[in-house]
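S.K.: Sequential numbering of the sequence shown, starting at 10, is according to the numbering used here. Here a beta-carbon is modelled for each residue, glycine too, at the ideal position from N, C-alpha and C. Just so it is clear, the structure is predicted and the values come from calculations on it, not from any experiment.
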Amino acid sequence: MAEETKTKLIEDEEVRQRIDGLEEKAAAMADYTKIADRRANLARLEEMQAAPDFWNDQNKARETIAAANAERAYTVPFDALLKSIDDAKVMLELAGMEEGDARQAALADTLAECGRAEAHFAKLRMQSLLGGKFDQCNVFVKLHAGQGGTEACDWVAMLYRMYQRYAESQGWKVEEYDTQPGEEAGYKDVYFRVEGPYAFGMLKAERGIHRLVRISPFDANKRRQTSFASMETVAEIDDGIDVEIKDEDLRIDTYRSGGAGGQHVNKTDSAVRLTHLPTGIVVACQKERSQHMNKEKAMNMLRAQLYEYYEDRKKAEMDRFYGAKSENGWGSQIRSYVFCPYTMVKDLRTEYETSDVDGVMDGNLQPFIEAWLQMKASGK
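(1) Taking the beta carbon of asparagine 147 as the centre, do at least 16 other beta carbons fall within 10 Å, making it buried, or is it exposed?
(2) Taking glutamate 108 as part of the alpha helix (DSSP H), name the residues at either end of that continuous run.
(3) Measure the Cβ-Cβ separation of leucine 138 and isoleucine 94 and say whether it is below 8 Å.
(4) To which residues does DSSP link histidine 153 through a beta bridge?
(5) Ignore the nearest five residues each way along the sequence and tell me which others in leucine 120's own chain have a CB closer than 8 Å to its CB.
(6) Do the CB positions of glycine 158 and phenylalanine 237 come within less than 8 Å of each other?
(7) Sorted by chain position, which residues of the same chain lie with C-beta nearer than 6 Å to arginine 223's C-beta, five sequence neighbours on each side aside?
(8) Per DSSP, what are the beta-bridge partners of isoleucine 74 in this structure?
(9) For the pair the segment 306-315 and the segment 250-257, tell me if three or more CB-CB distances fall below 8 Å.
(10) Just mark tyrosine 351 as buried or exposed, buried being the case when its beta carbon has 16 or more other beta carbons within 10 Å.
(11) Relative to the C-alpha of histidine 301, which candidate in Asp321, Ile261 and Gly289 has its C-alpha closest?
(12) For asparagine 303, count the other beta carbons within 10 Å of its own beta carbon; 16 or more makes it buried, fewer makes it exposed. Which is it?
(13) Where valine 243 and glycine 217 are concerned, what is the direct C-alpha to C-alpha distance, given to the nearest angstrom?
(14) Let me know the secondary structure DSSP gives valine 252 once reduced to three states.
(15) Here's the rule: buried if 16 or more other CB atoms are within 10 angstroms of the residue's CB, otherwise exposed. What is serine 390?
(16) Between Ala154, Lys142, Leu91 and Ala111, which lies nearest to lysine 125 when the distance is taken from Cα to Cα?
(17) Within 10 Å of its beta-carbon, does phenylalanine 149 have 16 or more other beta-carbons around it, so buried, or fewer, so exposed?
(18) Taking the runs of the alpha helix (DSSP H) that are 4 residues or longer, which of them lie wholly in the segment 158-187?
(19) Leaving aside the five residues before and after glutamate 362 along the sequence, list all residues of the same chain whose C-beta is less than 8 Å from its C-beta, in chain order.
(20) Using a Cβ-Cβ cutoff of less than 6 Å, which residues in the same chain neighbour lysine 17 once the five nearest sequence positions on both sides are dropped?
(21) Just to confirm, is the Cβ distance from alanine 97 to glutamate 122 under 8 Å?
(22) Closest to tyrosine 346 by C-alpha separation, out of Ile290, Arg233 and Ile74, would be which residue?
(23) Quick one: what's lysine 132 bridged to in DSSP?
(24) From Lys296, Val165 and Leu212, pick the residue whose C-alpha is nearest to that of glycine 141; which is it?
(25) Bridge partners of methionine 290, per DSSP?
(26) For glutamate 56, is the classification buried or exposed, using 16 other Cβ atoms within 10 angstroms of its Cβ as the cut-off for buried?
(27) Tell me where the beta strand (DSSP E) around glutamine 342 begins and ends.
(28) By the DSSP assignment, the alpha helix (DSSP H) with aspartate 46 in it spans what residues?
(29) By how many angstroms is the C-alpha of leucine 152 removed from the C-alpha of alanine 194?
(30) Here's the rule I'm using: 16 or more other beta-carbon atoms within 10 Å means buried, otherwise exposed. How should alanine 280 be labelled?
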């Protein structure tokens, strides 16, 4: 009987801890989504809608309705989350009034309600963190070797593999556009496209300088080396957004695509490199065997980069999409990956860190991405 009572107490505590954890996460979400401010703004907008002269200015009325709906998109799902948590608390209280099997069944139902609340929270969390104009879009990514010579080129190859693994974990598709191999190993540059829901919204958290510290496999003396690589992201925009590209502003170079050789070697200059002369933006694609297809893909990438370039210039916020421009070297990194003399990956923006270097290099990036998204949402 004593053992049975002990088991019940542990189960009660498990449920309480689940509910307490949900309440803590909901409180944090209320903070970084500014729910209190949104409620106040929604009340003000609803008061405006109730005014007798509301429809006198129809354009302003539509703007007010749209603003109110935008606030409800946050407050209504959040209220549903709070209700689910309150339901779990009531169910736990009622379970405490039961005995034996009835008590166990009530506790199981309470845990199930906690599970539903946690699933609702996870969905709402990502919706609240990914509300940017292009967050749901596909993304073009460029990796570029910085300081570190051959070691930096190898670091680019490692990062490329890491982002491929992360994309696989999200169910996204990776399409390689162009690579510039290093002299001894790895890549000087890699261009690729990631296709999937919220690919840009997630991967924009990764743009910046990435720093590697390890014993270099290219150093015969086995000395510790530090190298750098940059990661840039650009949202793939749809055809509904007009970006003017004049023929006279464009330089088109063709060259022979790289390949495995043998009967599959590309004997034509099918690869395409586009240079936008006024801005200096360069894009390339050699994935397709057709020069026409490579040019079309490169043009899509150029359109996306030019759109963001002009948006940045127009709003005088050059770090809005790319992050602050900085040197690809010492003192500029957003994250450090240390393999020796200890193991640690630390994001210098959010302070999130882990000792599981192997897991991170295998694509376990979600904790870093969510920490950055939450920091941005909170405005800190």
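M.R.: So, from the listed chains and residues:
(1) buried
(2) Run containing glutamate 108: none; DSSP gives neither H nor E here.
(3) no
(4) Asp198 and Ser239
(5) Glu23, Val24 and Arg27
(6) No. Outside cutoff.
(7) Phe348 and Cys349
(8) For isoleucine 74, which the question treats as bridged, DSSP gives no partner whatsoever.
(9) yes
(10) exposed
(11) Ile261
(12) buried
(13) Valine 243 and glycine 217 have their C-alpha atoms some 12 Å from each other.
(14) coil
(15) Summary: the structure shown does not reach residue 390, with the chain confined to residues 10 through 389, and so no result is reported for it.
(16) Note on identity: in this sequence residue 125 is arginine, with lysine being the wrong assignment. Checked all of Ala154, Lys142, Leu91 and Ala111; the closest Cα to arginine 125 is Leu91.
(17) buried
(18) 159-179
(19) Met353, Val354, Lys355 and Asp356
(20) Residue placement at lysine 17 is poorly supported in this model, since its pLDDT is 44, which falls under 50; the coordinates are not used for a value here.
(21) Against a cut-off of 8 Å, the Cβ pair of glutamate 122 and alanine 97 comes out as a contact.
(22) Arg233
(23) Lysine 132 is not bridged to any residue.
(24) Leu212
(25) Correcting the residue identity first, residue 290 is isoleucine in this sequence and not methionine. Answer is His285.
(26) exposed
(27) 342-347
(28) 44-58
(29) When rounded, the distance between both Cα atoms is 15 Å.
(30) Counting Cβ neighbours within 10 Å, alanine 280 comes out buried, since at least 16 surround it.
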